[in-house]
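Since the structure comes first, as structure tokens, the remarks are kept for the end.
Chains as they are written, first to last, in our numbering: chain E, 6 to 222; chain B, 8 to 274.
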């Protein structure tokens, strides 16, 4: 089995376009997932029982169903009730909501793991619950939260490849397009793996760099 | 809150606390006048810490009432003259009259000594950043920490950390400060600096209830000593009375474990 280097040369620039789309989707979905995830995670710590129950149900649903089905739900099922997104936004929304559930759990767990004496000390100077969260607990939870948070964003970035099934022209879809024309699955899938690997590696280095700059408490 | 000189700083009425079936406090009554320093002694498990935690409502009393400067803690009067449990938010506001110094310091590790003290002034008292920090620095100097303002708790010794915690409590200008065994977690050589800081503050008119095992400190600083056993106040009086001539057998037995400097007796 010899590698067809000509096709590799042709493919590299073609895949670059898909890489850009994958990056864009990951970035937008990642930011959305963090915002929604933090809000949900903090709301899960509220003293309103109905709110906690609602979030627990949401997290349970997301974790209990395949991402592929969630993507189909957003892209094919929502239009039936009149909510329509193009394939990129459908993909971004599905990914963001999926990842936000995991991030919510990380935030809830991270804040919950801060020693109880911290909350008591904050109470003893008369802080309100939201102030304790914002000024005392969250800043301390951030560093221990970073590794699991990175894992969730890495999973999400890899999961963007699933969006090829709803015709989002991201990295995987771009590769498949080349394969369908030239029929060179070995070269292309190998290349795709390398592209993803490079993306994920840079993401985890970036995260470790941030972590190294955060003070150890 | 304007302190009202007529009402006591603290009034505890028939306070009881049970954890499940275990009764930790039994109908405790206590009044502390403004400017008074009350020291609570007693064996571990006698309910001293629980008493302080119930006063500040970090632990909710099973029954009984707490008033700080005449105002109830943990309850609110309704318009029809009845009482209801205070919401978390209302309780947070009521707690501003009570300072608390913890056995394990509980400083905020992500903040400098200065910001540990300033954060309450800024976020709770609503002071501007600069003013809050200036005030915080003053309070840290009062506990002899003027040289350590920008250090984080991890860079400070236990004694220094506890003094930051004391400054943090004092800075909020509470009606009363509760000290929960402030030197129990410290290495012996660091105990003195913390006690000295408390002594200085007590002499400036601070109202406080101090739970401690440091008997000679209690002897010097207390206006009144309270001995607790099995969740109840067994005996109270001036240090000379309680340490010098305890009336109760239980008090005497407890005090036999300590060497207490006897007050100078008239020859």
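Heads up, the beta-carbon is just placed ideally off N, CA and C, and yes, glycines get one too.
Note that the structure is a prediction, hence the values are computed from the model and not measured.
Residue pairing by DSSP puts residue 236 of chain B in a beta bridge opposite B/239. Residue pairing by DSSP places residue 11 of chain E in no beta bridge whatsoever. Residue 202 of chain E is classed as exposed because its beta carbon has fewer than 16 other beta carbons within 10 Å across all chains shown. Here residue 220 of chain E has 148 as same chain residues with Cβ atoms under 8 Å from its own Cβ, once five neighbours each way along the sequence are excluded.
In the DSSP annotation of this structure, the continuous segment of the alpha helix (DSSP H) that includes residue 67 of chain E starts and ends at 54-69. Taking a 10 Å sphere around the C-beta of residue 211 of chain B, we find fewer than 16 other C-beta atoms and assign the residue as exposed.
The continuous beta strand (DSSP E) containing residue 21 of chain B extends over residues 17-26. Listed in chain order, the alpha helix (DSSP H) runs fully inside the segment 152-176 of chain B amount to none, counting runs of at least 4 residues. Burial state of residue 58 of chain B is buried, judged by a 10 Å Cβ sphere holding 16 or more other Cβ atoms. Cβ atoms of residue 55 of chain B and residue 218 of chain B come within 8 Å of each other, at about 4 Å.
Neighbourhood of residue 179 of chain B in chain E, by CB distance below 8 Å: 130, 131, in chain order. Of the other Cβ atoms in all chains shown, 16 or more fall within 10 Å of the Cβ of residue 76 of chain B; this residue is therefore buried. Under the 10 Å beta carbon count, residue 118 of chain E is surrounded by fewer than 16 other beta carbons and is classified as exposed.
Spatial neighbours of residue 46 of chain E in its own chain (CB-CB distance under 6 Å, excluding positions within 5 residues in sequence) are listed in chain order as 109, 112, 113.
For residue 96 of chain E, the closest C-alpha among the options E/36, E/169, E/140 is that of E/169. Residue contact with chain B for residue 115 of chain E: absent (no Cβ-Cβ distance below 8 Å to any residue of chain B). For the set E/101, E/162, E/151, the Cα lying nearest the Cα of residue 37 of chain E is the one of E/101.
In terms of beta-carbon proximity, residue 126 of chain E lines the interface with chain B, with at least one pair separated by less than 8 Å. Chain E has a Cβ within less than 8 Å of the Cβ of residue 131 of chain B. Of all residues in the segment 144-166 of chain B, none comes within less than 7 Å of chain E when Cβ atoms are compared.
Residue contact check for residue 100 of chain B against chain E: a CB pair falls below 8 Å.
Per the coordinates, the alpha-carbon of residue 206 of chain B lies some 25 Å from the alpha-carbon of residue 119 of chain B. As computed with DSSP, residue 107 of chain B is found in a beta bridge with B/185.
Interface criterion not met: the Cβ of residue 63 of chain E is under 8 Å from no Cβ in chain B. Using a Cβ-Cβ cut-off of 8 Å, residue 215 of chain E does not count as an interface residue toward chain B, since no Cβ of chain B sits closer than that to its own. The C-beta of residue 205 of chain E comes no closer than 8 Å to any C-beta of chain B. Against residue 134 of chain E, the close residues of chain B are 95, 96, 99, in the order they occur along the chain (beta-carbon pairs closer than 9 Å). CA-to-CA, the gap between residue 230 of chain B and residue 244 of chain B works out to about 8 Å. Just measuring C-alpha positions, the residue of B/113, B/134, B/262, B/235 sitting nearest residue 176 of chain B is B/113.
Of E/200, E/210, E/196, E/22, the smallest CA-CA separation from residue 9 of chain E is found for E/196.
Non-local C-beta neighbours of residue 60 of chain E in its own chain, meaning closer than 7 Å and more than five positions away in sequence, comprise 45, 48, 49, 109, ordered along the chain. Proximity of residue 140 of chain E to chain B, defined by a Cβ-Cβ separation below 8 Å, is satisfied.
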